[in-house]
Each structure stands twice: as structure tokens, then as C-alpha cells.
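Chain order of the listed sequences is A and B. Take 1 as the starting number for the first sequence in the UniProt record's numbering and just add one per residue. Take 1 as the starting number for the second sequence in the UniProt record's numbering and just add one per residue. Notes follow once the structure below has been shown.
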Amino acid sequence: MKNTMKNIAALFLIFVFSGSVVNAQGWTVPASAKKKQNPYEATSKNISSGKKIYNIQCKSCHGDPTMANMLPLAPVAPTDLGAQNFLIQSDGEIFYKVNKGQGAMPAFEKTISDEDKWMVIAFLRSFDKNKKVKQQVAEVKNPEVTDVKLELNVNEADKTMLAKLSGVTKKGKRVGLQGIEMSFLVKRSFGYLDVSGEDPYTNESGDVQIQFPKDLPGDREGQVNMLVKVTDDAFYGNLEEKRVVTLGVPTDPVNPLDERAMWGTRANAPIWIIVTFVGGVLAIWSVIFLVLFQMIKLPKLAKSKD
Amino acid sequence: MKEETSNNSRRKFLKSFGISVGAAGVVSSFSLIGAAKAAAKKPAEMVNLLTQDGQLVQVDKNQLRPTVNEPLDELQKRGREGIPGKSFVMVIDLSKCRNARKCMDACQNHHQLRADQHHINVLQMQDAEHTAPYFMPKPCQHCDNPPCTKVCPVDATFKRQDGIVLIDNERCIGCRFCIAACPYSARIFQWTEPKDAEKYKDLTYNIEANVPQKKGTVSKCLFSADRLREDKLPSCVSACPNGVYYFGDQNEDAVTNGTTGETVRFSKLIEENAGYTLMEELGTKPRVYYLPPKNRAFEFNGDLLNEENLH
Ligand code: SF4
Ligand code: SF4
């Protein structure tokens, strides 16, 4: 009896596992989809924006590429997307799988734009040992530097910010660092609002200038908390600068309780309600008192008539 | 002479009173010590607890005490006042909802609700015979012109300066006028003892979470006002796996997505996606905005109970 039970259990387990294996491998991609090529070049810009999207959309399950720190899901754990045996696939194959999803992998066909998906693929390709050479040609080479500094210049009149990224070369000269992406973030209640704009990359002299949105509310004085940082920690570590700037539109928060309204408490009831109510109560009581006084007068009247 | 006797008797009375009280004290302290000893002797039953920094520790069950909270007065006062300078709004993107119902679970956990009680409910919608069906999560709309607070006879439900509409179940008399007044059916009534009533009975009432719930009072969505105080997103918003919810401060013109953590401009989001509010013709001025179920990320499966379809 026991044995049969064990056998059944084992059979069941085998069945479940084989099913999941079939699931993991049975990812059929049509030949036409496989042929697609990433229309975006593997420039450092595209790769870094792909990394941003990856960190928001993919990282929570797949972990960091090549680090194999994915979420340990059962029965099929998410793939390490930086692994070489994953990157064997064509761009189109990956694109198709991201679109359609399977099992625990969601379909991103409509939740992420095509452009963003290609950026992610460009980012993943940067881990591909076979194609990496090509990408490095496109990248700007900065000299090796130490003591990297981030300086901020705020122009309150035309609401612009200038960040300067520089480092000291081996020869002891301070030079600007080129082609590095910066993030300009405004602190809000539950997160940071990115105001970096389209092209937040440092130029030859290590400068990047951004236009702060003209209509973004600040506090009463128009102050906002800014966080400026090098987007990708991989270059120079976590380099950031926090600053309170007066670039927002001064905003006085309205307290809805200041207004007299029906929905408010007794303390701020509308005047007309208070007047009508108090008037009504007074009117009724005065009628009652009037009647009472008249009744008191009755016996007196009767006497005087006698 | 008379005086003396009365004095005497009073003294006598006080004496005997003192002795008996003292005795009672001794007896009770004895029994306390006894109880403590008994508790100490019992084979220690250990429970696993997660500390704040994420470590799993074992603690003797006899040493567990309910956490000491702020006193009730303080909680009530700050709960009534709200958080100055804020104006909370929620945006629900219908094109991303696939009825995962994680928001509902998180909410029911947070607010001591049974599975059939909803502060937030995901509804299957079909506007007309030939229109496409879609899923719509529906919390309290935290109206800026709330019909519910107008009808409460005891000032139990009220609006605060940050826009949130709350209920004080210490005041609520269970008349249910507010349930009748709310056009969005956002309110529920506790007909029976709430779930886990035993477990929560020693907890100080927190008006911002409406916990512990009380039989015979009304409850509804609170935008997790207690979490907002700690700069955390509401339970439902952070529990959604599909990026449906945005939540933020209208005064800052920014809302944050609970799934991706991405922060966007509130006005832009509404403008670019044709955001709308529910039944605006009623003039209730909701604080919950919806983005239309256009270009949907998931197919409508219409089958609530089929788990397969939910993942
Ligand atoms: S949705 Fe209903 S309960 Fe919520 S504020 Fe509006 S009227 Fe009141
Ligand atoms: S049920 Fe409670 S909150 Fe609602 S109107 Fe009556 S007393 Fe006010």
C-alpha cells in the first residue's frame, strides 16, 4: 500500500516536472520574428537608457545580468539575461519573447513601448561576449581619472541647471568627462521626478545643461529638493549632489477646510445654513412664548371685564 | 460628645478599610507573583518574529506584549487634522488592470477585513451591450464635495485638509445614512464581529487605518492614511503587480507608480491619456482619476475564479 502511494507520488512529481520543463522549452518563436534586427544602435546612450528600463521593468525578477541573482521562482526560475547561452538568441527572438511572455513571464507587448524594448535588448547585448567589441567602438573614451567631482550651477532667472563632471588625470590635470549620462531628479512625496529631459549627456568639457520645467510647483517659496547624480554607478561609483533650489513655482497649498461648505463640520457650515437654522429656532420659540404670555394675560382680562 | 463618636467611627471605618485594602493588595500581589512564576515555569513556547531590520528571531511567547502606540487622544487629533500642505490623488490606469486582485488582498490585510468585505473592489465593467468589457478597481473616491459627510448626524465621518475622507468609529452610531448617500457604494457596514476581533482587541484605535474595526460601525477606503504619514504609498498601490496605480500629491503635481516606482507629472498623465473621474455629473469632485481602458495590456478574461487566467 505504502509503496503504491509512493509510486503514485513519484509519478505525479515526474509528471509535474516534465510538464514544467516542456513549458520552459516550448517557447516557439516564428521564423519571421526571429529575423528581426534591433533597429537601434548599441550606443552608450541607448545602452544606458536600456539599463534604466531594465531596472524598472525586468530586474525585480531577473536580477542583474550576469550576476545570476534572479528571483528563485518555482518551478522555472527566471533566466539570467546576461548569460551567454541566453544571448545566443537573435534580437528578434528576445523581442518576441518579451512581447508574448509565457508562464510567469508577463507579456510586455503593450506595457512597454517597442523603442524601450529595443533599448533593453541593446543593454543586454552589451553583455554578449561575441558582440561586445562592436559596442566599445561606439563609446567615448575618457582618460582614466581620480577624484571625480560633480559641480552644480543653478541659474534661477531662466530656470536652468548646469552640472559639470570632472576628474584629475594621471598628469594631475583636471579634465571634463564626456558622454556620461546624468540624472536630474526632483524630490516628491513618494519618489523622484526625472526632469533630465532628452539629452542629459555631458559634452566635451564635461558639462550638461538642463531646462527645469517652468510650471513645476515648489513649496511656498518655490523651493524644491534636487538630486543630481551620475545615472550609472558603474562609471565612477555613486556620485551625487543634493541641493535645495528655488526653481519651482511658489505654491500655497489650499486647505479645503478653510472654505465654508455643506460637507464641512459645524464650525465651517455655510452662513445661510446658520442663519436659516438660528432664525427658524428663534421664530418658533418666540411664537411659543407669545402664546404663553397671552395665556397668562387671560385671567387678568377676565378680572377686568368683571 | 456626639462629635467624638462620629470621629471615632470614621477612624474605625478608615482603619478597617485600610486593612482590607492592604490585604487585598497583598493577596493580589501574591497571585500576580504566582501567575508570573507559573508562566516562567511553563515550557517556553517560542514564536518566530521578524525584526525591523529583517532578521528572524525567536522570542518567548510569555514575553510578548502588544506594541505601545501613541495614546488614543493623539491618534484621534492628528487623524482629524490630516497632513498639512498635502492634497492626495490617485490615478488608476484601466488599460493595465488584469484582475490580479492583489490590491484587494493587501487592503483586507491592512484593514482587518474579511474576504467578502471591500474597501477596494475590482469590478467587471461593460458600459453598453456592444462595448468591450474591462476591469475597474474602485476605492472610495475621496470626493472634494462628499455627500457622505453631509448626512452624518454625529460628525463621525469627515474630510481632512489633505483631502482624505475618514470615519471615526468611536463616534459612529451605525445609522448608515452615509452608505445611502454615497453614490459610489464605497462604504461597508460591519454587521458582525470583524475578522480577527480577538487578536486586535487590545490595540489602540487608529482612526487612520480604522483598525481595530468595530461591529455596528461603517468602514471604507482610507487611502492608507497611516502609511502616508510615513511617506509610504497606500497598501493597494504598492501591492499591484501590473502598474495600475499612481498615487501622489496634487500640490506637487506628481504621482508615483506603485509597481515601477516611476514618478510622473500628474497633470501631464491626465492630459495625455484623457483621464476622467467617475460620475462627475453628480458634482462630487472625486480625487480618484481613471485612465481609459484603451490599448489594453491584457485580454479581458472575464473569469474571476479561474486562477490560470490571472497570471
Ligand atoms: S466615494 Fe462615497 S464614501 Fe467616498 S467620499 Fe465620495 S461619497 Fe464619501
Ligand atoms: S453610519 Fe456612522 S459615519 Fe455613517 S452617517 Fe451614521 S454615524 Fe455617520
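For each residue, glycine too, the CB sits at the ideal point set by N, CA and C.
What residues in the segment 230 to 255 of chain A have a beta carbon less than 8 Å from any beta carbon of chain B?
Correct list: 251, 253, 254, 255.
Can we say the segment 256 to 270 of chain A touches the segment 74 to 83 of chain A, given the rule of at least three CB pairs closer than 8 Å?
No: the two stretches stay apart, fewer than three of their Cβ pairs being nearer than 8 Å.
Name the residues in the segment 80 to 111 of chain A whose C-beta lies less than 9 Å from a C-beta of chain B; which are they?
So the close ones are 103, 104, 106, 107, 108, 109, 110, 111.
To the nearest angstrom, how far is it from the Cα of residue 251(A) to the Cα of residue 222(A)?
Position 251 of the first sequence, counted from the first residue, corresponds to residue 251(A). Position 222 of the first sequence, counted from the first residue, corresponds to residue 222(A). Those two C-alpha atoms are separated by around 7 Å.
I want to check one thing, is the minimum distance from the CB of residue 141(B) to the heavy atoms of ligand 1 below 7 Å?
Stepping through the second sequence from its first residue, residue 141(B) is reached at position 141. Checking every heavy atom of ligand 1 against the Cβ of residue 141(B), one is found closer than 7 Å.
Are the C-beta of residue 273(A) and some C-beta of chain B separated by less than 8 Å?
In the first sequence, the residue the question calls residue 273(A) occupies position 273. By this cut-off, residue 273(A) is not an interface position.
For residue 278(B), tell me which candidate among 84(B), 133(B), 137(B), 60(B) has the shortest Cα-Cα distance.
Position 278 of the second sequence, counting from 1, holds the residue named residue 278(B). Per the Cα distances, 137(B).
At 3 residues or longer, what runs of the beta strand (DSSP E) sit wholly inside the segment 45 to 131 of chain B?
Runs found: 46 to 50, 56 to 60, 88 to 93, 121 to 125.
Looking at the structure shown, is residue 172(A) part of a helix, part of a strand, or coil, going by DSSP?
Numbered from its first residue, the first sequence carries residue 172(A) at position 172. In the structure shown, residue 172(A) sits in coil (DSSP, three-state: anything other than H, G, I, E or B).
Relative to the C-alpha of residue 232(A), which residue among 156(A), 72(A), 184(A) is closest?
The residue given as residue 232(A) occupies position 232 in the first sequence. Comparing Cα-Cα distances from residue 232(A) to each of 156(A), 72(A), 184(A), the minimum goes to 184(A).
Taking the alpha helix (DSSP H) that residue 294(A) falls in, what are its first and last residues?
Taking the first residue of the first sequence as position 1, residue 294(A) is located at position 294. Residue 294(A) -> alpha helix (DSSP H) spans 271 to 305.
Since residue 218(B) sits in a beta bridge, which residues does DSSP pair it with?
Taking the first residue of the second sequence as 1, we reach residue 218(B) at position 218. Residue 218(B) pairs with 189(B).
Could you tell me which chain B residues have their CB closer than 7 Å to the CB of residue 179(A), listed as they occur along the chain?
Taking the first sequence and counting its residues from 1, the one referred to as residue 179(A) is at position 179. Those within 7 Å of residue 179(A) in chain B number zero; the least Cβ separation is about 25 Å.
Could you check whether the Cβ of residue 188(A) sits closer than 8 Å to any Cβ belonging to chain B?
Here residue 188(A) refers to the residue found at position 188 of the first sequence. So, interface residue.
Considering just the uninterrupted stretch of the alpha helix (DSSP H) at residue 149(B), what are its terminal residues?
Here residue 149(B) corresponds to residue number 149 of the second sequence, with the count starting at 1. Where residue 149(B) is concerned, the enclosing alpha helix (DSSP H) stretches over 147 to 151.
Quick one: which chain B residues come within Cβ less than 7 Å of residue 330(A)?
Residue 330(A) is absent from the model: chain A starts at 1 and stops at 306.
How big is the Cα-Cα spacing for residue 269(B) and residue 121(B)?
One-based indexing of the second sequence puts residue 269(B) at position 269. One-based indexing of the second sequence puts residue 121(B) at position 121. For residue 269(B) and residue 121(B), the distance between alpha carbons rounds to 23 Å.
Using a Cβ-Cβ distance cut-off of 8 Å, determine whether residue 265(A) contacts chain B.
Stepping through the first sequence from its first residue, residue 265(A) is reached at position 265. Chain B contact via Cβ: present.
Does the beta carbon of residue 233(B) come closer than 8 Å to any beta carbon on chain A?
Taking the first residue of the second sequence as position 1, residue 233(B) is located at position 233. So, interface residue.
For residue 295(A), which residues in chain B fall below 9 Å Cβ to Cβ?
One-based indexing of the first sequence puts residue 295(A) at position 295. In chain order: nothing, as chain B lies at least about 35 Å away.
Pairing CB atoms from the segment 236 to 255 of chain B with CB atoms from the segment 157 to 170 of chain A, are three or more of them under 8 Å?
Because the criterion of three Cβ pairs below 8 Å is not met, the segment 236 to 255 of chain B and the segment 157 to 170 of chain A do not touch.
What alpha helix (DSSP H) runs, 4 residues minimum, are completely inside the segment 56 to 139 of chain A?
Runs of the alpha helix (DSSP H) inside the segment 56 to 139 of chain A: 59 to 62, 84 to 87, 91 to 100, 114 to 125, 132 to 138.
How big is the Cα-Cα spacing for residue 308(B) and residue 301(B)?
In the second sequence, residue 308(B) corresponds to position 308, counting from 1. In the second sequence, residue 301(B) corresponds to position 301, counting from 1. Legend: pLDDT at residue 308(B) = 48, less than 50; position of this residue unreliable, value from coordinates given subsequently. Whole-angstrom Cα-Cα distance: 10 Å.
How close, in whole Å, do the beta carbons of residue 314(B) and residue 190(B) come, if the pair is a contact with beta carbons under 8 Å?
Absent from the structure is residue 314(B), since the part of chain B shown begins at 1 and ends at 311.
Which residues, in order along the UniProt domain "4Fe-4S ferredoxin-type" (131 to 162) of chain B, keep a beta-carbon less than 7 Å from a beta-carbon of chain A?
Listed in sequence order: 144, 145, 146, 149, 150, 155, 158, 159, 161.
Could I get the ranges of all uninterrupted beta strand (DSSP E) runs contained in the segment 209 to 261 of chain B, with 3 residues as the minimum, in chain order?
Whole beta strand (DSSP E) segments, 3+ residues: 218 to 220, 245 to 249, 254 to 257.
Using 8 Å as the limit for Cβ to Cβ distance, is residue 114(B) near chain A?
For the purposes of this step, residue 114(B) is taken as the residue at position 114 of the second sequence. Chain A, which has no Cβ nearer than 8 Å to the Cβ of residue 114(B), makes this no.
For residue 167(B), which residues of its own chain have a beta-carbon under 7 Å away from its beta-carbon, when the five flanking residues on both sides are left out?
As a working mapping, residue 167(B) is identified with position 167 in the second sequence. Only 156, 157, 210, 218, 219, 220 meet the Cβ criterion.
Taking 7 Å as the cut-off, is the C-beta of residue 192(B) nearer than that to any heavy atom in ligand 1?
Reading the second sequence from its first residue, position 192 is the one you call residue 192(B). No - ligand 1 has no heavy atom lying nearer than 7 Å to the Cβ of residue 192(B).
List the whole-angstrom C-beta distance separating residue 187(B) from residue 148(B), where the pair is believed to meet the contact cut-off of C-beta under 8 Å.
Residue numbering aside, residue 187(B) sits at position 187 when the second sequence is read from its first letter. Residue numbering aside, residue 148(B) sits at position 148 when the second sequence is read from its first letter. Confirmed, Cβ separation roughly 7 Å.
May I have the straight-line CA-CA distance separating residue 57(B) from residue 45(B), to the nearest angstrom?
The residue you call residue 57(B) lines up with position 57 of the second sequence. The residue you call residue 45(B) lines up with position 45 of the second sequence. So the two alpha carbons sit approximately 13 Å from each other.
Measuring CA to CA, which of 190(A), 264(A), 97(A), 34(A) is closest to residue 266(B)?
For the purposes of this step, residue 266(B) is taken as the residue at position 266 of the second sequence. Considering only alpha carbons, the answer is 190(A).
May I ask you to report which of helix, strand or coil DSSP gives residue 180(A)?
Counting from one through the first sequence, the residue named residue 180(A) turns up at place 180. In this structure, residue 180(A) counts as coil in the three-state DSSP scheme.
For residue 125(B), collect the residues of the same chain with a Cβ closer than 6 Å to its Cβ; drop the 5 residues on either side in sequence, then sort them by chain order.
For the purposes of this step, residue 125(B) is taken as residue 125 along the second sequence, with counting starting at 1. Only 134, 136 meet the Cβ criterion.
Since residue 206(B) and residue 75(B) should fall inside the 8 Å C-beta cutoff, what is the C-beta to C-beta distance between them, to a whole number of angstroms?
In the second sequence, residue 206(B) corresponds to position 206, counting from 1. In the second sequence, residue 75(B) corresponds to position 75, counting from 1. Yes, residue 206(B) and residue 75(B) are in contact; Cβ-Cβ is about 5 Å, under 8 Å.
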